[in-house]
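*Asks:*
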Amino acid sequence: MTSETAKLTIGDQEIELPVLKGAEGEIAIDIRALRAQTGAITFDPGYANTGSCRSTITFLDGEKGILRYCGYPIEQLAEKSTFLEVAWLLMNRELPSANQLEQWENEITYHTMVHEDLKRLYASMPKEGHPMAVCAAIVGALSTFYQDVKFDSPEIERRIAAVRLMAKVPTIAAYSFKHSIGQPFMYPRNDLNYASNLLHMMFATPCEEYEVDPVIARALDLLLILHADHEQNCSTSTVRMVGSSQANLFASVSAGISALWGPLHGGANQKVIEMLISIQDGERSAKQFMELAKDKDSGVRLMGFGHRVYKNHDPRARILKQACHDVLQRLGTSDPLLEIAQELESIALEDDYFVERKLYPNVDFYSGIIYKALGIPTDMFTVFFALGRLPGWIAQWLEFHGDEDKKICRPRQIYIGANERDYVPLEKR
Ligand code: SDX
18 MTSETAKLTI
28 GDQEIELPVL
38 KGAEGEIAID
48 IRALRAQTGA
58 ITFDPGYANT
68 GSCRSTITFL
78 DGEKGILRYC
88 GYPIEQLAEK
98 STFLEVAWLL
108 MNRELPSANQ
118 LEQWENEITY
128 HTMVHEDLKR
138 LYASMPKEGH
148 PMAVCAAIVG
158 ALSTFYQDVK
168 FDSPEIERRI
178 AAVRLMAKVP
188 TIAAYSFKHS
198 IGQPFMYPRN
208 DLNYASNLLH
218 MMFATPCEEY
228 EVDPVIARAL
238 DLLLILHADH
248 EQNCSTSTVR
258 MVGSSQANLF
268 ASVSAGISAL
278 WGPLHGGANQ
288 KVIEMLISIQ
298 DGERSAKQFM
308 ELAKDKDSGV
318 RLMGFGHRVY
328 KNHDPRARIL
338 KQACHDVLQR
348 LGTSDPLLEI
358 AQELESIALE
368 DDYFVERKLY
378 PNVDFYSGII
388 YKALGIPTDM
398 FTVFFALGRL
408 PGWIAQWLEF
418 HGDEDKKICR
428 PRQIYIGANE
438 RDYVPLEKR
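Numbers in this note's numbering are just positions in the sequence shown, counted from 1, shifted up by 17.
1. Answer yes or no: the CB of Val-380 versus the heavy atoms of ligand 1, is any distance below 7 Å?
2. So who's on the other strand from Ala-23, going by DSSP bridges?
3. Helix, strand or coil: how does DSSP classify Phe-194 here?
4. I'd like to know whether the C-beta atoms of Asp-238 and Tyr-86 end up nearer to each other than 8 Å.
5. Between the stretch 303-317 and the stretch 187-203, do three or more beta carbon pairs fall short of 8 Å?
6. Could you round the C-beta distance between Met-292 and Asp-368 to whole angstroms and report it? I think they count as a contact, below 8 Å.
7. Report yes or no: do the stretch 208-219 and the stretch 405-425 share at least 3 C-beta pairs separated by less than 8 Å?
8. Please indicate yes or no: does the CB of Phe-306 lie closer than 7 Å to some heavy atom of ligand 1?
9. Within the same chain, show all residues whose beta-carbon is closer than 7 Å to that of Ile-27, passing over the 5 residues directly before and after it, in chain order.
10. Please report the distance separating the alpha-carbon of Ile-91 from that of Gln-30.
11. Name, in chain order, the residues that DSSP records as bridge partners for Arg-85.
12. What first and last residue would you give for the beta strand (DSSP E) that runs through Ala-45?
13. Select from Ala-190, Cys-224, His-196, Ile-198 the residue whose C-alpha is nearest the C-alpha of Leu-216.
14. Are the CB atoms of Gly-279 and Val-14 within a distance shorter than 8 Å?
15. Should Val-259 be listed as close to ligand 1, given that the test is whether its C-beta is under 7 Å from any heavy atom?
16. Measure the alpha-carbon distance for Lys-185 versus Glu-360 and round it to whole angstroms.
17. According to the neighbour-count rule (16 or more other Cβ atoms, all chains shown, within 10 Å of its Cβ), is Thr-129 buried or exposed?
18. Rounded C-beta distance between Leu-376 and Gly-323? I'm assuming under 8 Å.
19. Check whether the Cβ of Lys-328 lies closer than 7 Å to any heavy atom of ligand 1, and answer yes or no.
20. Check whether the stretch 70-84 and the stretch 324-341 are in contact - that is, three or more C-beta pairs closer than 8 Å.
21. Out of curiosity, what's the CA-to-CA distance linking Gly-88 and Leu-266?
22. Does the Cβ of Leu-355 have 16 or more other Cβ atoms within 10 Å, making it buried, or fewer, making it exposed?
23. Is it right to say Arg-427 is buried, meaning 16 or more other beta carbons lie within 10 angstroms of its own, or is it exposed?
24. Could you check the C-alpha separation between Lys-97 and Ala-264 for me, to the nearest Å?
25. If you reduce the DSSP assignment to three classes, tell me which class Glu-102 lands in.
26. Which one or two residues does DSSP pair with Thr-222 in a beta bridge?
27. Counting only the same chain and skipping the five closest in sequence on each side, list residues whose C-beta sits under 7 Å from that of Ala-236.
28. Would DSSP call Pro-442 helix, strand or coil?
29. Does the beta carbon of Arg-335 fall short of 7 Å from some heavy atom of ligand 1?
30. Thinking just about the alpha-carbon of each residue, which of Ile-233, Phe-398, Lys-445, Ile-357 is nearest to the one in Arg-347?
31. For the alpha helix (DSSP H) containing Val-289, list its first residue and its last residue.
32. Quick check: the Cα distance between Ser-72 and Gln-249, rounded to an integer number of angstroms?
33. Run the CB neighbour count on Gly-283, radius 10 Å, all protein chains shown included, and call it buried at 16 or more, exposed below.
34. Note the first and the last residue of the continuous alpha helix (DSSP H) segment covering Ile-125.
35. What is the rounded straight-line gap between the Cα of Tyr-383 and the Cα of Asp-396?
36. For a test of your reading of the model: does the CB of Arg-374 fall under 7 Å from any non-hydrogen atom of ligand 1? Yes or no.
Quick look at the structure:
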């Protein structure tokens, strides 16, 4: 809270509202008393100007292109940390000691198997079903296997639920892929680290030894770190909103997976690759595509570009662009889609339409090229986004749970429908 106030005049009424200030100097007008004092509400479709909570987890500065997890710049974590260490950081707000990290890694390792009955759920799902639909369903079904986890369960139960999610969702995700290609599910292995185990469950078969390429495992770990949290984005806000009704963590995360699936959100990474392939296949040139992307009536959007918060480069996109080059070089391969992506970016950076609207590459623009280089199938890209975002969803849900301001999320509206009128009997309509 600051001593500053915001004055608001409505008709002949003037009120003063408190102004809150964040740790990085951002300010917010506290409107909690607005309706009681004036009868008025605010109107903010998409909540672009609305803060839903106070959080100590992630800080974004969209104008400067800054992203920090608990104060640590994403650039440093990407270079020096691991995904499980970042997951601990997000949930505990401090980097773990060596002992804490070892204990955390062991806890996750020894929870990676899923109940044998859970595996049977896949058999009822069409193989062609999108893996995001499968994962949302199976994660929601975890609530039937762990019925003791409730919103108001003791702290220890909530943290076990967090461990179970961190440990089992990679297994659930890999099984959704194996189900789609008719291959046997591979049990997790306790001698592999998080990323290597995920690759093993995705690509190993019972017929032969599968060696995880450390270059691929490290690149995957980097991708997971970069997706781990992003303050109050659509899917995280969904997880908080579902949790606000006191639904359990599994149900909340299942809803978050569904929200992430949308092509305007996490589903964009799959759409980017499909967009690049359409240009590679000669459907239209990069220049022609960009002209269509500027035409509102074309129905074409430059996927992987633009962001609600970043009006400068998404720092994750910068890291991923460099990682594309590094991974392709380390794998001794190249990908013409990277050249096409860079051509689109360079056109956009010179074009007033994109420059005026401050549209830059976001996290989804380059990530698909790396997933593709790692052998991840296109319709699993958004599942891998969800795997990265999992610790962020969990940390934000836990933070909501402990928030002294917490209330069930229930926005208001401006009603523009019919005014009061009497019922008309059928024979008179
Ligand atoms: C993610 O919130 C997060 O933090 C999300 C995320 C995370 O880590 O959780 O960062 C992950 O979801 C990244 C975004 C992935 N989505 C895409 O790449 C889809 C393409 N991008 C857009 O649809 C759009 O930019 C959004 C959805 C990302 C942001 O939408 P906004 O904030 O509502 O902005 P807008 O749609 O109002 O766009 C402002 C203007 C409009 O033009 P005008 O009406 O002002 O003339 O920019 C135009 C838009 O038409 N515009 C685009 C565009 N994005 C915005 N025009 C062409 N191509 C685009 N990609």
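The beta-carbon is built from N, C-alpha and C at its ideal position, and this holds for glycine as well.
*Replies:* Well, looking at it:
1. To locate residue 380, count along the sequence shown from 1; it is residue 363. Flag set: Cβ of Val-380 near ligand 1.
2. By 1-based counting over the sequence shown, the position of residue 23 is 6. Answer by DSSP bridge pairing, in chain order: Leu-34.
3. Within the sequence shown, numbered from 1, the residue matching residue 194 stands at position 177. In this structure, Phe-194 counts as helix in the three-state DSSP scheme.
4. Your numbering for residue 238 matches position 221 in the sequence shown. Your numbering for residue 86 matches position 69 in the sequence shown. Their beta carbons are not under 8 Å apart, which means Asp-238 does not touch Tyr-86 by this criterion.
5. Here the stretch 303-317 does not lie against the stretch 187-203, with fewer than 3 beta-carbon pairs under 8 Å apart.
6. On the sequence shown, position 275 is the one that residue 292 refers to. On the sequence shown, position 351 is the one that residue 368 refers to. The C-beta distance from Met-292 to Asp-368 rounds to 17 Å, too long to fall under 8 Å, and the pair is not in contact.
7. no
8. Within the sequence shown, residue 306 is the residue found at index 289, counting from 1. For ligand 1, not one heavy atom lies less than 7 Å from the Cβ of Phe-306.
9. Here residue 27 refers to the residue found at position 10 of the sequence shown. Excluding residues within five positions, the ones whose Cβ falls inside 7 Å are Thr-55, Ala-57.
10. Your numbering for residue 91 matches position 74 in the sequence shown. Your numbering for residue 30 matches position 13 in the sequence shown. Cα to Cα, the separation comes out at about 46 Å.
11. Locating residue 85 in the sequence shown gives position 68, where the first residue counts as 1. The partner list for Arg-85 (beta bridge, DSSP) reads Phe-76, Pro-90.
12. Along the sequence shown, one-based indexing puts residue 45 at 28. Start and end: 44-46.
13. By one-based count along the sequence shown, residue 216 stands at place 199. Among Ala-190, Cys-224, His-196, Ile-198, the Cα nearest to that of Leu-216 is on Ala-190.
14. Only positions 18 to 446 of the chain appear in the structure, and residue 14 is not among them; the question remains open.
15. For this step, residue 259 is matched to residue 242 along the sequence shown. No, Cβ of Val-259 sits at least 7 Å from all heavy atoms of ligand 1.
16. Position 168 of the sequence shown, counted from the first residue, corresponds to residue 185. Position 343 of the sequence shown, counted from the first residue, corresponds to residue 360. Rounded to whole angstroms, Lys-185 to Glu-360 spans 39 Å at the Cα level.
17. If you number the sequence shown from 1, residue 129 lands on position 112. When all chains shown are included, Thr-129 counts as buried.
18. One-based indexing of the sequence shown puts residue 376 at position 359. One-based indexing of the sequence shown puts residue 323 at position 306. Yes, Leu-376 and Gly-323 are in contact; Cβ-Cβ is about 4 Å, under 8 Å.
19. Counting from one through the sequence shown, the residue named residue 328 turns up at place 311. It does not: the Cβ of Lys-328 is nowhere closer than 7 Å to a heavy atom of ligand 1.
20. Touching, yes, given that three or more Cβ pairs across the two stretches are closer than 8 Å.
21. To locate residue 88, count along the sequence shown from 1; it is residue 71. To locate residue 266, count along the sequence shown from 1; it is residue 249. Their Cα atoms are separated by approximately 26 Å.
22. As a first step, residue 355 must be located in the sequence shown, where it is residue number 338. Buried is the call here.
23. Counted from its first residue, the sequence shown places residue 427 at position 410. Exposed: under 16 other Cβ atoms inside 10 Å.
24. Locating residue 97 in the sequence shown gives position 80, where the first residue counts as 1. Locating residue 264 in the sequence shown gives position 247, where the first residue counts as 1. Taking the straight line joining both Cα atoms gives about 36 Å.
25. Along the sequence shown, read from residue 1 onward, the residue named residue 102 stands at position 85. Three-state DSSP puts Glu-102 in a helix.
26. By 1-based counting over the sequence shown, the position of residue 222 is 205. For Thr-222, which the question treats as bridged, DSSP gives the partners Glu-225.
27. Looking up residue 236 in the sequence shown gives position 219. Within the same chain, Ala-236 has close Cβ partners Ala-340, Val-344, Ile-387, Leu-391.
28. On the sequence shown, residue 442 is found 425 positions in, with the first residue counted as 1. Residue state, collapsed to three classes: coil.
29. Taking the first residue of the sequence shown as 1, we reach residue 335 at position 318. Incorrect: Arg-335 has no Cβ contact closer than 7 Å to ligand 1.
30. Counting from 1 along the sequence shown, the entry for residue 347 is found at position 330. Here the closest residue by C-alpha is Ile-233.
31. For the purposes of this step, residue 289 is taken as residue 272 along the sequence shown, with counting starting at 1. Counting along the chain, the alpha helix (DSSP H) containing Val-289 begins and ends at 285-297.
32. Indexing the sequence shown from 1 puts residue 72 at position 55. Indexing the sequence shown from 1 puts residue 249 at position 232. For Ser-72 and Gln-249, the distance between alpha carbons rounds to 9 Å.
33. On the sequence shown, residue 283 is found 266 positions in, with the first residue counted as 1. With 16 or more Cβ atoms within 10 Å of its Cβ, Gly-283 is classed as buried.
34. Here the question's residue 125 lines up with position 108 in the sequence shown. Residues 115-126.
35. One-based indexing of the sequence shown puts residue 383 at position 366. One-based indexing of the sequence shown puts residue 396 at position 379. One Cα belongs to Tyr-383, the other to Asp-396, and the distance between them is close to 16 Å.
36. Within the sequence shown, residue 374 is the residue found at index 357, counting from 1. Yes, the Cβ of Arg-374 comes within 7 Å of a heavy atom of ligand 1.
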